[in-house]
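Residue 168 in my numbering sits at position 72 of the sequence shown, and the numbers go up by one each step.
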Amino acid sequence: MNYRMIFQILGKVLCTIAAVLLLPALVCLIYRESPFPFLIVAVIMGACGAGFLLFKPKLTKIYAAEGFVVVGLSWILLSLFGALPFVLSGDIPNYIDAVFETVSGFTTTGASNVPDIEAMGRGVIFWRSFTHFLGGMGVLVFILAVLPMSGSRSIHIMRAEVPGPIVGKLVPSARKTAILLYAIYIAMTLLEAILLLCGGMSLFDALVHAFGTAGTGGFSSRALSIGYYDSAYIDTVVTVFMILFGVNFNLYYLVLLGKGLEALKSEELRWFLGIILFSAVTIALNLGDTYGGFFHNLRYTFFQVGSIISTTGFGTADFSLWPTYSRFLLVALMFLGACAGSTGGGLKVSRIIIVGKAIRLELRRQLKPHSVSIERLEGKPITETTIHSTLVFFSCYFFLLALGTALVSLDGFDITSTFTSVVSCLSNIGPGLDMVGPMGSFVMFSPLSKIVLTLCMLLGRLEIFPILMLFSPTTWKK
97 MNYRMIFQIL
107 GKVLCTIAAV
117 LLLPALVCLI
127 YRESPFPFLI
137 VAVIMGACGA
147 GFLLFKPKLT
157 KIYAAEGFVV
167 VGLSWILLSL
177 FGALPFVLSG
187 DIPNYIDAVF
197 ETVSGFTTTG
207 ASNVPDIEAM
217 GRGVIFWRSF
227 THFLGGMGVL
237 VFILAVLPMS
247 GSRSIHIMRA
257 EVPGPIVGKL
267 VPSARKTAIL
277 LYAIYIAMTL
287 LEAILLLCGG
297 MSLFDALVHA
307 FGTAGTGGFS
317 SRALSIGYYD
327 SAYIDTVVTV
337 FMILFGVNFN
347 LYYLVLLGKG
357 LEALKSEELR
367 WFLGIILFSA
377 VTIALNLGDT
387 YGGFFHNLRY
397 TFFQVGSIIS
407 TTGFGTADFS
417 LWPTYSRFLL
427 VALMFLGACA
437 GSTGGGLKVS
447 RIIIVGKAIR
457 LELRRQLKPH
467 SVSIERLEGK
477 PITETTIHST
487 LVFFSCYFFL
497 LALGTALVSL
507 DGFDITSTFT
517 SVVSCLSNIG
527 PGLDMVGPMG
537 SFVMFSPLSK
547 IVLTLCMLLG
557 RLEIFPILML
567 FSPTTWKK
């Protein structure tokens with residue numbers, strides 16, 4: 097384990113985010129609020145980062161173990177430091193609540209325990225949503241994009257942070273890949289913000305909701321979320337971008353190369369869009385005359401289906417009140433999640449496809465034990481290693497889901513609220529059903545439950561293993 101190199105990278109992460117804190121401080125000045133909560137934390141983070149940078153590594157190479165450790169520790173440190181502005185500003189005086197809110201932001205979950213969001217300062221609201229933007233593509237991917245990373249094999253950092261069963265480089269250099277990803281990410285975010293401005297949003301609200309959509313996080317500056325605007329135009333813009341940010345960003349790179357038809361042939365993309373279409377149409381039929389008939393229902397169903405499957409969590413309606421079939425399908429989409437290589441959470445569509453093909457492969461082997469069969473995804477053979485790692489991930493996910501639900505159930509709330517609160521945090525969605533529905537919050541949970549749910553959010557965003565490896569003695573051996 098290259099400890100000095102780990103400290104070097106952690107130092108760069110802390111110093112970079114300390115500089116980023118100047119943005120919400122500037123917002124405070126614009127709206128005549130005190131910038132000191134952000135400036136104080138920026139100084140503290142900068143000082144700690146500078147201290148870490150004093151550890152000069154003899155060897156600059158990092159391997160898979162260092163990649164997992166760096167990612168896990170970075171997200172934990174940023175969550176602990178990032179909560180301080182909420183506490184110092186007085187908007188969230190309880191530190192556990194502030195950490196919950198910060199982790200929810202960085203992991204792009206969008207679960208909130210703030211009773212009245214509109215009573216918070218503009219600088220704090222901006223920082224709350226900007227954590228979505230940073231965490232969506234990945235904090236370490238952001239660091240790779242803006243800073244030259246010494247040494248080689250920084251792809252291990254990307255693989256530990258970017259969600260999905262298989263992660264590779266778009267171009268030979270990991271740093272150039274990070275720059276390319278963030279260029280696409282920023283361009284799409286700015287485009288959405290401009291379109292929201294055209295729909296009548298203020299610049300501040302347009303940026304906040306663009307950050308929330310880009311990171312598929314769902315924090316809003318309004319208590320009623322997107323439903324506050326009651327605009328079919330805004331609903332449509334946000335729906336389209338939630339779905340776009342739920343797509344594998346590798347496909348956008350193919351489009352930039354002029355290979356749009358090749359991108360459209362993506363098996364995962366076809367399944368993703370097909371599931372959205374099927375879910376939105378059948379739920380619209382199930383709703384009957386709830387919103388004035390089938391075609392009026394589609395406005396709300398496409399939005400909520402896009403919001404849940406992309407794990408954004410914005411709301412325009414209280415789907416906790418919808419019929420049983422509609423609620424069941426939305427909970428199923430909470431598990432499913434978006435595409436690999438997107439900013440969305442959940443199990444990922446590609447993993448569901450891999451499990452389905454693994455089942456089909458096993459059926460063939462049972463029927464014809466001596467035959468040799470190969471399953472493919474996106475035209476490439478699915479290896480036994482990929483199938484094994486996918487099944488292990490599923491096992492870990494559902495074990496953690498059961499454990500988390502058991503611990504949160506100690507609060508004594510109803511099973512629907514308890515279960516969906518854990519699902520929403522582990523899949524990084526935000527809203528669940530009943531008490532934690534789109535019009536509810538997580539404020540009523542005990543400190544123990546909030547700590548459990550906070551860990552679920554981190555485990556879900558980093559896809560379990562970077563956090564689990566921090567507790568393995570083998571990880572820390574030289």
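Even glycine gets a Cβ: it sits at the ideal position worked out from N, Cα and C.
How many Å lie between residue i and residue j at the Cα?
i	j	result
L555	L276	26 Å
M430	S517	11 Å
I576	I192	Lying before the first or after the last residue shown, residue 576 is absent from the chain, which here runs from 97 to 574.
L381	G313	28 Å
A138	L176	13 Å
S568	P133	36 Å
T112	I239	7 Å
L496	C552	8 Å
L292	S469	50 Å
T198	A179	5 Å
S246	S467	Bear in mind that the predicted position of S246 carries a pLDDT of just 49, short of 50, making it unreliable; the figure below should be weighed with that in mind. Taking the straight line from one Cα to the other gives about 49 Å.
G145	V445	38 Å
V263	A274	Its pLDDT being 49, under 50, V263 is placed unreliably in this model, and the coordinates cannot settle the point.
R460	V116	54 Å
V165	S200	21 Å
L350	F229	23 Å
L522	F515	11 Å
L529	L353	42 Å
F489	T204	20 Å
C359	I448	What sits at residue 359 in the sequence shown is Ala, not Cys. Going by the C-alpha atoms only, they are around 20 Å apart.
T570	F494	24 Å
M141	A114	6 Å
L503	Y159	35 Å
R271	R472	29 Å
L499	T227	28 Å
Quick one, which of the options has its alpha-carbon nearest residue i's?
i	options	result
A412	R366, A498, V304, L394	First, the amino acid is wrong: residue 412 is Thr here, not Ala. Out of R366, A498, V304, L394, L394 has the C-alpha closest to the C-alpha of T412.
L169	G107, D326, Y278, F390	G107
Y348	I280, L417, P131, Y387	I280
R318	F515, P534, L443, L357	P534
G536	F164, L110, I213, A498	I213
D331	E364, F368, H392	H392
L320	F541, L564, P527, I560	P527
F307	Y325, E288, I322	E288
S438	V165, Y159, Y278	Y278
L110	L125, G163, R128, I172	I172
F415	L230, M97, Y387, I478	Y387
V220	R366, R456, F315, I282	F315
L149	A160, E162, L125, I102	I102
M565	I322, G163, V519	G163
G508	G234, F541, A428	F541
W367	M233, L506, E474, L174	E474
Could you please give the first and the last residue of the uninterrupted alpha helix (DSSP H) stretch that includes residue i?
i	result
F307	299-310
Y191	191-202
S517	511-522
R318	R318 -> no alpha helix (DSSP H), and no H or E assigned at all.
I547	543-557
W367	363-382
H228	218-233
W171	160-178
C144	132-149
Beta-carbon within less than 6 Å of residue i's beta-carbon, same chain only, minus the 5 sequence neighbours each way: which residues are those?
i	result
Y329	G295
F222	P120, V123
S248	Low confidence applies to S248: its pLDDT is 48, below 50, so where it sits in the model is not reliable enough to give any reading.
T285	A306, A310
M216	D187
Please go through the same chain and pick out, in chain order, the residues whose beta-carbon is closer than 8 Å to the beta-carbon of residue i, but skip the five residues on each side of it.
i	result
C538	The sequence shown places Phe at residue 538, not Cys. Excluding positions up to five away in sequence, the list reads F196, A207, S208, N209, S517, V532, K546, L549.
L487	V451, A454
K152	R100, Q104
A194	A179, L180, F182, V183, I188
S327	G295, G296
T54	Given a span of 97 to 574 for the chain in the structure shown, any question on residue 54 remains unanswerable.
Near residue i, what residues of its chain come up, given a Cβ to Cβ distance below 7 Å and the 5 sequence neighbours on each side ignored?
i	result
I136	L184
Y421	N382
I339	I372, G402, S406
G384	none
V333	E288, L291, L292, G295
S418	Rather than Ser, the amino acid found at residue 418 in this sequence is Trp. Same-chain partners within the cutoff: L383.
**Message:** Using a Cβ distance threshold of 8 Å, determine whether the region 291-301 contacts the region 181-192, with at least three qualifying pairs required.
**Reply:** No, they do not touch.
**Cβ contact check for the region 361-380 and the region 395-402: 3 or more pairs under 8 Å** = yes
**Request:** Check whether the region 331-347 touches the region 428-445, counting contact only when three or more Cβ pairs, one atom from each stretch, lie closer than 8 Å.
**Result:** A contact exists between the region 331-347 and the region 428-445.
**Prompt:** Looking at C-beta atoms only, is the number of pairs between the region 364-372 and the region 398-410 that lie closer than 8 Å three or more?
**Reply:** yes
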